[in-house]
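Enquirer: If you read the sequences in order, they're chains U and S.
The first sequence begins at 1 in my numbering and counts up by one.
The second sequence begins at 151 in my numbering and counts up by one.
Starting off with a structure, shown below.
Number of protein chains: 2
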Amino acid sequence: MSQLSIKELVDRYIDLTFAVHKKGESLVKEQLQSELSNDQFYTLKYIYKTENCTSTELAKVFDVKKSAITAVITKLWDQDLIERTRDQNDRRVVYLTLTEAGLELYKKTEERIYNLVESIITQFEEQEIKQFIDTYEKINNILTTLQEKQ
Amino acid sequence: MSQLSIKELVDRYIDLTFAVHKKGESLVKEQLQSELSNDQFYTLKYIYKTENCTSTELAKVFDVKKSAITAVITKLWDQDLIERTRDQNDRRVVYLTLTEAGLELYKKTEERIYNLVESIITQFEEQEIKQFIDTYEKINNILTTLQEKQ
DNA sequence: AATAGATAGTTCAATGATTGAACAGTTAAA
DNA sequence: TTTAACTGTTCAATCATTGAACTATCTATT
Numbered sequence: 001m002s003q004l005s006i007k008e009l010v011d012r013y014i015d016l017t018f019a020v021h022k023k024g025e026s027l028v029k030e031q032l033q034s035e036l037s038n039d040q041f042y043t044l045k046y047i048y049k050t051e052n053c054t055s056t057e058l059a060k061v062f063d064v065k066k067s068a069i070t071a072v073i074t075k076l077w078d079q080d081l082i083e084r085t086r087d088q089n090d091r092r093v094v095y096l097t098l099t100e101a102g103l104e105l106y107k108k109t110e111e112r113i114y115n116l117v118e119s120i121i122t123q124f125e126e127q128e129i130k131q132f133i134d135t136y137e138k139i140n141n142i143l144t145t146l147q148e149k150q
Numbered sequence: 151m152s153q154l155s156i157k158e159l160v161d162r163y164i165d166l167t168f169a170v171h172k173k174g175e176s177l178v179k180e181q182l183q184s185e186l187s188n189d190q191f192y193t194l195k196y197i198y199k200t201e202n203c204t205s206t207e208l209a210k211v212f213d214v215k216k217s218a219i220t221a222v223i224t225k226l227w228d229q230d231l232i233e234r235t236r237d238q239n240d241r242r243v244v245y246l247t248l249t250e251a252g253l254e255l256y257k258k259t260e261e262r263i264y265n266l267v268e269s270i271i272t273q274f275e276e277q278e279i280k281q282f283i284d285t286y287e288k289i290n291n292i293l294t295t296l297q298e299k300q
């Protein structure tokens with residue numbers, strides 16, 4: 001199936017990365033049904049799974065300035081989806097957690113995204129998709145290393 | 151290595167998609183050295199490789215409204231990187247091509263991106279990365295089908 | 001040929017996200 | 001104690017995107 005030179009592989013990889021991301025975002029957006037923007041969903045997801053999540057950490061993960069995170073968080077906070085609680089030891093730090101309403105909305109939308117992704121990956125042999133995710137994970141590690149160097 | 155349930159696979163896939171995209175975009179941006187934005191680069195790339203490329207086509211691929219494409223194209227056109235030529239048979243249609251300056255800038259930046267991606271994929275066994283790209287390609291096809299349904 | 005409907009691309013005002021710089025409050029180090 | 005570093009915020013400016021209205025053009029139907 002694949003009889004490609006390195007250059008062709010690289011080109012294919014770049015195009016695929018772009019295409020898959022655009023289509024993925026578009027399908028995710030559809031599932032969110034205008035209740036949340038994509039970034040808002042990923043923000044809730046990150047806060048949900050992260051103990052003692054802070055704005056500084058989000059800024060690093062989302063690769064934007066802290067002022068942009070403040071804007072996103074304030075918007076979710078205005079809707080009473082997020083709580084901000086100050087660290088008692090280091091009073092500069094603000095921890096982010098989901099409110100009950102935030103958790104409920106997140107869980108509802110999460111389920112739709114899960115169903116979407118599940119409908120995709122169950123079209124593969126278990127072995128194939130596991131191998132794919134393993135390689136994807138290695139790529140993620142390489143990217144992390146490259147980013148830390150810079 | 152992978153002893154994951156479907157639910158865990160799905161979750162891992164979602165997180166990886168997000169993380170890899172963020173890191174990838176950030177590294178690409180670095181290579182572009184502020185000469186082009188990421189979207190501008192992908193726009194030039196798409197025009198470069200596509201015969202008779204139009205705004206409507208770009209709007210579909212980039213999943214934005216046509217008015218947004220007009221803005222992007224006009225910006226590149228102002229810098230004399232893109233040419234607009236009207237179809238002589240159907241005078242509604244405008245074809246987009248790179249000017250000499252556009253081609254030169256594209257080629258220069260493309261090389262940097264290629265080197266970046268090459269430095270990543272050459273860290274894998276040829277077999278592993280080819281299998282990865284094959285699976286990636288299948289995912290892309292599934293996404294295309296899903297998008298067409300909607 | 002005349003008309004109605006569809007299509008390609010553009011304009012423009014409004015919205016939303018992101019940046020950069022300045023700032024307050026807090027902590028750590030010299 | 002002073003200085004430097006860090007967390008998070010505010011605010012003005014910039015940029016991308018949308019939605020709606022518009023022009024020009026083409027297609028199909030009568």
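Just so you know, even glycine gets a beta-carbon here, dropped at the ideal spot from N, CA and C.
Being a predicted model, the structure only gives us computed values, none of them experimental.
Out of curiosity, what's the CA-to-CA distance linking I121/U and Y163/S?
Expert: The count along the first sequence starts at 1 and reaches residue 121/U at position 121. The count along the second sequence starts at 1 and reaches residue 163/S at position 13. Distance between the alpha carbons of I121/U and Y163/S is about 9 Å.
Enquirer: Might you give, ordered along the chain, the residues of its own chain that have their beta carbon closer than 7 Å to the beta carbon of S2/U, omitting 5 neighbours on each side?
Expert: In the first sequence, counting from the first residue as 1, residue 2/U sits at position 2. In this prediction, S2/U has a pLDDT of 49, which is less than 50 and means its spatial position is unreliable; what the coordinates show is noted afterwards. Correct list: empty, nothing qualifies.
Enquirer: CB L226/S to CB I219/S, shorter than 7 Å?
Expert: By 1-based counting over the second sequence, the position of residue 226/S is 76. By 1-based counting over the second sequence, the position of residue 219/S is 69. No, Cβ-Cβ distance for L226/S and I219/S is not below 7 Å.
Enquirer: Return the first residue and the last residue of the beta strand (DSSP E) that L116/U is part of.
Expert: Reading the first sequence from its first residue, position 116 is the one you call residue 116/U. Unbroken run through L116/U is the alpha helix (DSSP H), 100-121; no beta strand (DSSP E).
Enquirer: Under a three-way DSSP split, which group does R84/U fall into?
Expert: For the purposes of this step, residue 84/U is identified with residue 84 of the first sequence, where counting begins at 1. It is a strand residue.
Enquirer: Should Q183/S be labelled buried (16 or more other beta-carbon atoms within 10 Å of its own) or exposed?
Expert: Counted from its first residue, the second sequence places residue 183/S at position 33. Exposed: under 16 other Cβ atoms inside 10 Å.
Enquirer: Would E83/U pass as an interface residue toward chain S - the criterion being a Cβ-Cβ separation below 7 Å?
Expert: Indexing the first sequence from 1 puts residue 83/U at position 83. Not closer than 7 Å to any Cβ of chain S, the Cβ of E83/U fails to qualify, so no.
Enquirer: Can you pull the DSSP bridge partners for T220/S?
Expert: Position 70 of the second sequence, counted from the first residue, corresponds to residue 220/S. Paired residue(s): none; T220/S is not in a bridge.
Enquirer: Determine whether the beta carbon atoms of F168/S and T259/S lie at a separation below 7 Å.
Expert: Here residue 168/S is taken as the residue at index 18 of the second sequence, counted from 1. Here residue 259/S is taken as the residue at index 109 of the second sequence, counted from 1. Contact: no.
Enquirer: Any beta-carbon of chain U closer than 7 Å to the one on N290/S?
Expert: One-based indexing of the second sequence puts residue 290/S at position 140. Interface residue, yes.
Enquirer: Should V214/S be flagged as near chain U, meaning a C-beta pair shorter than 7 Å?
Expert: Here residue 214/S is taken as the residue at index 64 of the second sequence, counted from 1. So, not an interface residue.
Enquirer: Between the beta-carbon of T285/S and the beta-carbon of F132/U, is there less than 7 Å?
Expert: One-based indexing of the second sequence puts residue 285/S at position 135. One-based indexing of the first sequence puts residue 132/U at position 132. A contact, by the Cβ cut-off of 7 Å.
Enquirer: Label V170/S either buried or exposed according to how many other C-beta atoms from any shown protein chain fall within 10 Å of its C-beta, with 16 as the threshold for buried.
Expert: Within the second sequence, the letter at position 20 stands for residue 170/S. By the neighbour-count rule (16 or more Cβ atoms within 10 Å), V170/S is buried.
Enquirer: Since T17/U meets chain S, which of its residues come closer than 7 Å, beta carbon to beta carbon?
Expert: On the first sequence, position 17 is the one that residue 17/U refers to. Near T17/U (Cβ distances below 7 Å), the residues of chain S are G174.
Enquirer: Is the beta carbon of L293/S sitting closer than 7 Å to the one on K130/U?
Expert: Here residue 293/S refers to the residue found at position 143 of the second sequence. Here residue 130/U refers to the residue found at position 130 of the first sequence. No, these two residues do not count as a Cβ contact at 7 Å.
Enquirer: So the alpha helix (DSSP H) I145/U belongs to, where does it begin and stop?
Expert: Mapped onto the first sequence, residue 145/U falls at position 145. Before going further, note that residue 145/U is Thr rather than Ile in the sequence given. First-last of the alpha helix (DSSP H) with T145/U: 126-149.
Enquirer: Does V222/S come within less than 7 Å of chain U when only Cβ atoms are used?
Expert: As a position in the second sequence, residue 222/S is number 72, starting the count at 1. So, not an interface residue.
Enquirer: With 8 Å as the limit, tell me which residues of the stretch 270-282 of chain S have their beta carbon closer than that to any beta carbon of chain U; keep them in chain order.
Expert: Per Cβ criterion, the list reads I270, I271, T272, Q273, F274, E278, I279, K280, Q281, F282.
Enquirer: Which residues in the same chain have their Cβ closer than 8 Å to the Cβ of C53/U, if we skip the five residues on either side of it in sequence?
Expert: Taking the first residue of the first sequence as position 1, residue 53/U is located at position 53. Hits under 8 Å: Y46, I47, Y95, L96, T97.
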